[in-house]
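J.: First the structure, which I've put down as structure tokens, then a few questions once you've had a look.
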Ligand code: NIG
Ligand code: FE
């Protein structure tokens with residue numbers, strides 16, 4: 001370790017230390033009182049909501065919420081609050097008065113690339129001047145640009161910069177996040193990224209899932225030997241990732257100009273042998289067959305979906321795969337929007353995530369995603385809230401633990417600033433409406 005490395009490590013460790021001290025002090029029960037409206041309560045929790053159910057959102061006006069041992073212990077109307085707690089319980093709890101404010105389950109962000117070496121605003125300017133995402137990629141920009149820069153950056157530096165992004169998304173109301181590798185593209189660097197994600201799991205209060213995305217782009221040195229790169233992923237990367245237990249899921253960018261259906265089939269098949277369930281990038285640039293191959297391997301989710309037609313919708317029906325739209329990427333790249341309404345009308349569920357990454361979506365703000373659900377995809381506020389909480393929790397296999405307000409679920413919730421209605425959340429776009437973020441029953445952030 002060089003000197004800079006030691007200093008950066010100390011900064012990171014002191015953040016971790018701070019976090020544990022704060023957690024220790026905070027381990028009391030929390031009772032939130034006088035909540036103007038408690039959003040998305042469930043008496044019989046579901047794993048996801050689909051079709052017409054997506055328009056339903058159960059709430060309790062003038063409510064309380066009791067959090068104990070990091071879990072949701074009880075909730076209900078203030079009318080029944082009086083008889084529920086004795087004075088000793090009240091004295092031993094942290095009481096938060098939420099008059100005028102609402103409480104939501106935390107957002108679940110099921111698709112990000114938030115471990116990355118550097119921002120890419122130069123390409124953004126090229127895009128404004130007319131270059132497409134694919135043209136930038138062909139010139140060795142895009143993902144390959146990030147991959148070049150990632151080779152000589154230390155795990156400590158990557159951890160520290162990603163930790164700052166995690167703090168930012170906590171302040172915007174996120175409670176769980178999936179993070180992908182995919183800027184390494186060599187065995188060593190892919191493992192480095194996944195070790196960084198493992199470290200983040202240890203030091204952050206967020207619930208984090210790790211996805212191995214060796215098949216994000218074909219490195220330049222494999223340009224006309226794509227099959228050999230796929231062989232490397234299958235024969236070397238996947239076994240090493242699995243032996244260190246570094247990933248929960250496996251991903252492939254199955255699209256025009258990136259990986260073919262055949263490549264995807266081989267990689268997912270190899271991943272399956274190690275118990276890695278797929279969550280894949282599909283149909284962003286074309287009708288690539290990605291959705292169908294994802295469903296074939298029982299992917300937990302297929303993500304992007306700008307090019308989704310009748311055949312793709314048919315493939316998704318009766319599957320266990322969550323169609324996941326990434327509004328930030330379509331908005332930022334000026335792409336066609338995925339047919340969310342058509343999918344919901346066909347009875348499918350829809351989840352939404354941020355795709356937080358330096359190339360196609362430099363924002364992890366799930367409140368903005370919620371606004372885009374309505375503005376760009378004509379989803380109602382109820383549908384948008386379901387897409388960014390319970391359904392995106394499903395897309396990380398976390399909907400038993402979070403994604404709604406239900407007894408026994410992890411207490412990942414946020415208290416809003418005073419707002420007139422829950423519809424105001426997508427409507428008043430562009431500013432942070434979160435006042436207090438609570439994760440695992442601990443107040444993590446007060447804005
Ligand atoms: O989800 N589509 C592929 N991958 C990312 C972009 C990553 C990048 O450009 O750095 C995405 O949009
Ligand atoms: Fe992505």
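Residue numbers (our numbering): 1 to 447.
Glycine included, each C-beta is placed from N, C-alpha and C at the ideal position.
In this text the structure is predicted, and so the values were computed from the model without any measurement.
Confirm, please, whether the CB-CB distance from residue 125 to residue 35 is below 8 Å.
T.: For the purposes of this step, residue 35 is taken as the residue at position 35 of the chain shown. For the purposes of this step, residue 125 is taken as the residue at position 125 of the chain shown. No, they are not a contact pair.
J.: From residue 1 to residue 156, what does the alpha carbon distance come to, in whole angstroms?
T.: The residue labelled residue 1 in the question sits at position 1 within the chain shown. The residue labelled residue 156 in the question sits at position 156 within the chain shown. With a pLDDT of 45 at residue 1, under the threshold of 50, the modelled position of this residue cannot be trusted, and the question is left open.
J.: Quick one: grab the DSSP three-state call for residue 267.
T.: Within the chain shown, residue 267 is the residue found at index 267, counting from 1. In the structure shown, residue 267 sits in a helix (DSSP, three-state: H, G or I).
J.: Taking the DSSP output, what are the residues bridged to residue 29?
T.: Here residue 29 refers to the residue found at position 29 of the chain shown. Residue 29 pairs with 93.
J.: Determine the burial state of residue 342: buried for a count of at least 16 other Cβ atoms within 10 Å of its Cβ, exposed for fewer.
T.: Walking along the chain shown from the start, residue 342 turns up at place 342. That one is exposed.
J.: By alpha-carbon positions, which one of 425, 383, 444 ends up nearest to residue 412?
T.: Working through the chain shown from its first residue, we reach residue 412 at position 412. Ranking 425, 383, 444 by Cα distance to residue 412 puts 444 first.
J.: Is residue 109 a contact residue of ligand 2, with contact defined as CB to any heavy atom under 7 Å?
T.: Within the chain shown, residue 109 is the residue found at index 109, counting from 1. Answer for residue 109: no, Cβ out of range of ligand 2.
J.: I'd like to know whether the C-beta atoms of residue 406 and residue 45 end up nearer to each other than 8 Å.
T.: Taking the first residue of the chain shown as position 1, residue 406 is located at position 406. Taking the first residue of the chain shown as position 1, residue 45 is located at position 45. Cβ atoms of residue 406 and residue 45: closer than 8 Å.
J.: Enumerate, from N- to C-terminal direction, the unbroken beta strand (DSSP E) stretches of 3 or more residues contained entirely within the stretch 355-424.
T.: 413-416, all fully within the stretch 355-424.
J.: Mind checking residue 122: buried by the 16 CB within 10 Å criterion, or exposed?
T.: Numbered from 1 along the chain shown, position 122 holds the residue referred to as residue 122. With fewer than 16 Cβ atoms within 10 Å of its Cβ, residue 122 is classed as exposed.
J.: Which residue's Cα is closest to the Cα of residue 227: 32, 106, 263?
T.: Residue numbering aside, residue 227 sits at position 227 when the chain shown is read from its first letter. The candidate whose alpha carbon is nearest that of residue 227 is 263.
J.: Please classify residue 115 as buried or exposed, where buried requires at least 16 neighbouring CB atoms within 10 angstroms.
T.: Within the chain shown, numbered from 1, the residue matching residue 115 stands at position 115. Residue 115 comes out buried.
J.: Can you check the stretch 262-313 for any alpha helix (DSSP H) of at least 4 residues that lies completely inside it and give the ranges in chain order?
T.: If we require 4 residues or more, the alpha helix (DSSP H) runs fully inside the stretch 262-313 come out as 290-296.
J.: Using a Cβ-Cβ cutoff of less than 8 Å, which residues in the same chain neighbour residue 49 once the five nearest sequence positions on both sides are dropped?
T.: The residue given as residue 49 occupies position 49 in the chain shown. Cβ within range, chain order: 56, 349, 386, 390, 391.
J.: On a Cα-Cα basis, can you pick out the residue from 180, 351, 277, 217 that is closest to residue 517?
T.: Here the chain has residues from 1 to 447 only, and residue 517 is not among them.
J.: Return the residue from the list 192, 416, 441, 75 that minimises the CA-CA distance to residue 431.
T.: Taking the first residue of the chain shown as 1, we reach residue 431 at position 431. Ranking the options by Cα distance to residue 431, first place goes to 416.
J.: Out of 260, 401, 168, 346, point me to the one whose CA is closest to residue 229's CA.
T.: Here the question's residue 229 lines up with position 229 in the chain shown. Of the listed residues, the one whose Cα sits closest to residue 229 is 260.
J.: Can you check which of these residues, 248, 256, 292, is closest to residue 271 by C-alpha distance?
T.: For this step, residue 271 is matched to residue 271 along the chain shown. When only C-alpha atoms are compared, the closest one is 248.
J.: Under the three-state reduction of DSSP, which class applies to residue 62: helix, strand or coil?
T.: The residue given as residue 62 occupies position 62 in the chain shown. Strand at residue 62.
J.: Under 7 Å: does the beta carbon of residue 113 sit that close to some heavy atom of ligand 2?
T.: Residue numbering aside, residue 113 sits at position 113 when the chain shown is read from its first letter. Yes, since a heavy atom of ligand 2 falls inside the 7 Å radius drawn around the Cβ of residue 113.
J.: Buried or exposed: residue 63, going by 16 or more other Cβ atoms within 10 Å of its Cβ?
T.: One-based indexing of the chain shown puts residue 63 at position 63. Buried, since its Cβ has 16 or more Cβ neighbours within 10 Å.
J.: What's the gap between the Cα of residue 338 and the Cα of residue 81?
T.: The residue given as residue 338 occupies position 338 in the chain shown. The residue given as residue 81 occupies position 81 in the chain shown. Near 44 Å, if we compare the C-alpha coordinates of residue 81 and residue 338.
J.: Pick from 215, 235, 300: whose alpha carbon is nearest that of residue 110?
T.: Here residue 110 corresponds to residue number 110 of the chain shown, with the count starting at 1. The shortest C-alpha separation from residue 110 is found at 300.
J.: Buried or exposed, going by whether 16 or more other CB atoms sit within 10 Å of the CB of residue 378?
T.: Against the chain shown, residue 378 aligns to sequence position 378. Answer is exposed; the Cβ neighbour count stays below 16.
J.: Quick test of the definition: if touching needs 3 or more C-beta pairs under 8 Å, does the stretch 275-284 touch the stretch 298-316?
T.: These segments touch.
J.: Comparing C-alpha positions only, which one of 43, 167, 419 sits nearest to residue 429?
T.: For the purposes of this step, residue 429 is taken as the residue at position 429 of the chain shown. Minimum Cα distance to residue 429 is reached at 419.
J.: Whole angstroms are fine: how far does the CA of residue 284 sit from the CA of residue 113?
T.: Reading the chain shown from its first residue, position 113 is the one you call residue 113. Reading the chain shown from its first residue, position 284 is the one you call residue 284. Cα to Cα, the separation comes out at about 16 Å.
J.: Given a threshold of 16 other Cβ atoms within 10 Å of its Cβ, counted over all protein chains shown, does residue 225 qualify as buried or as exposed?
T.: On the chain shown, position 225 is the one that residue 225 refers to. By the 10 Å Cβ count, residue 225 comes out exposed.
J.: Consider the C-beta atom of residue 281 and the heavy atoms of ligand 2; say whether any pair is separated by less than 7 Å.
T.: Here residue 281 refers to the residue found at position 281 when the chain shown is read from its first residue. Residue 281 Cβ: within cutoff of ligand 2.
J.: For a quick check, are the C-beta atoms of residue 364 and residue 168 less than 8 Å apart?
T.: To locate residue 364, count along the chain shown from 1; it is residue 364. To locate residue 168, count along the chain shown from 1; it is residue 168. It is a contact, given that the beta carbons lie within the stated cut-off.
J.: Shorter than 7 Å, the distance from the beta carbon of residue 152 to the closest heavy atom of ligand 1, or not?
T.: Position 152 of the chain shown, counted from the start, is the residue given in the question as residue 152. False, no ligand heavy atom lies under 7 Å from that Cβ.
J.: What residue from 326, 296, 190 has the CA that sits closest to residue 219's CA?
T.: Counting from 1 along the chain shown, the entry for residue 219 is found at position 219. The residue with the shortest Cα to Cα distance from residue 219 is 190.
J.: Hey, how far is the Cα of residue 314 from the Cα of residue 290?
T.: Counting from one through the chain shown, the residue named residue 314 turns up at place 314. Counting from one through the chain shown, the residue named residue 290 turns up at place 290. For residue 314 and residue 290, the distance between alpha carbons rounds to 14 Å.
J.: Quick check on the DSSP output: what are the complete alpha helix (DSSP H) runs of length 4 or more inside the stretch 72-138, in order along the chain?
T.: For the stretch 72-138, whole alpha helix (DSSP H) runs of length 4 or above, ordered along the chain, are 87-91, 121-128, 133-138.
J.: Taking contact to mean 3 or more Cβ pairs, one atom from each stretch, closer than 8 Å, check whether the stretch 125-137 and the stretch 185-200 are in contact.
T.: Output reads no: the stretch 185-200 does not touch the stretch 125-137.
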